[in-house]
Every structure is written in structure tokens, then in C-alpha cells.
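First comes the structure, then the notes that go with it.
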Amino acid sequence: MSRSASADFAVKALVGTLPGREFMGEGDDKITLSGQLLPFKTGGLTELQTAHGFRQSGQKLPVMRGDGKMFGWFAIESISESHRDLMKDGVGYRVMHTIALIKVGPEGASPGIIGGILSLFSQAGL
1 MSRSASADFA VKALVGTLPG REFMGEGDDK ITLSGQLLPF KTGGLTELQT AHGFRQSGQK
61 LPVMRGDGKM FGWFAIESIS ESHRDLMKDG VGYRVMHTIA LIKVGPEGAS PGIIGGILSL
121 FSQAGL
């Protein structure tokens, strides 16, 4: 997991000195999750497909760290996957993936999202 957050500043040119900067608010807050799936040992392709569905619909998702720290609401900006060591059915023995999330406001978040997230865990057998 990696996280990158920024602040937005308006820049005003000044004569004979550095430009003035006025704080305009919070900038982008991005989280990148990278990992490896072993579909033939532990599964995971169904969950990856579910993540693609969240991305395609623009679904807002609550993001929480394992210790309970809430980061806020995020949307999936992009997903990349790379299949390695292809098996005879064309699926990789190892599937490397990266999911890029960007922070969004909670407005319009679906109340049924918790059920969708819980279904990911039930599909994974957790």
C-alpha cells in the first residue's frame, strides 16, 4: 500500500520575490494497492472482477486500515493486472495487480455498499 496526499494553493506572481501562495484546501489523496493473486491456489479472480465492477460504476467505497483507522471514502480510479506463467486455459498462475484509489466525498454513497463489501469476504471464504 502506498499513499500520496497533497494540498492545493493558488499562486500569485509578485515582483522581486517568490510567488505568493494562498491555501485553497485539500488536494488529491490517492492510495495504491498492489498485490499478487494465485488463482489456482487461493482464488481471487472473482474479487478482482468485483473491483472492476466498482470501478466501472464509479462506486464510492469506505477505506479502512487493518487497525480500524478510517481513511474516508474513495473511488477506484484504475486497475491494472498482469497474468504470468499462463496455464492452458489462458489464466495466469500468478496475477499481479495494482488498484489506484482517489478520495471522494461521501455524498451519494450507496447505503448497500456494506453488503457488497461483505460479499467480497464471503466469496473469498473469510
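In the UniProt record's numbering, the protein residues as written are 1 to 126.
From the three backbone atoms N, C-alpha and C, an ideal C-beta is built for every residue, glycine too.
Do you know how far the Cα of Thr-32 is from the Cα of Leu-14?
Leu-14 and Thr-32: Cα-Cα distance of roughly 37 Å.
Assigned secondary structure, Glu-47 (DSSP; H/G/I helix, E/B strand, else coil):
Three-state result, Glu-47: helix.
Determine the contact status of Leu-82 and Met-96, defining contact as a CB-CB distance below 7 Å.
Per the sequence shown, the amino acid found at residue 82 is Ser instead of Leu. Yes; because the gap between Cβ atoms is below 7 Å, this pair is in contact.
Go through its chain and collect everything with a Cβ distance to Arg-94's Cβ below 8 Å, but skip five positions before and after it.
Excluding its 5 nearest sequence neighbours in each direction, Arg-94 has C-beta neighbours in its own chain below 8 Å: Gln-36, Leu-37, Leu-38, His-83, Arg-84, Asp-85, listed in chain order.
Does the beta-carbon of Gly-92 have 16 or more other beta-carbons within 10 angstroms, so that it is buried, or is it exposed?
Counting the other Cβ atoms within 10 Å of the Cβ of Gly-92 gives 16 or more, which makes it buried.
Quick one: is Phe-74 buried, meaning 16 or more other Cβ sit within 10 Å of its Cβ, or exposed?
By the beta-carbon neighbour count (other beta carbons within 10 angstroms, threshold 16), Phe-74 is buried.
In chain order, what residues of the same chain have a beta carbon less than 8 Å from the beta carbon of Leu-45, not counting five sequence neighbours either side?
Excluding positions up to five away in sequence, the list reads Leu-37, Pro-39, Val-91, Val-95.
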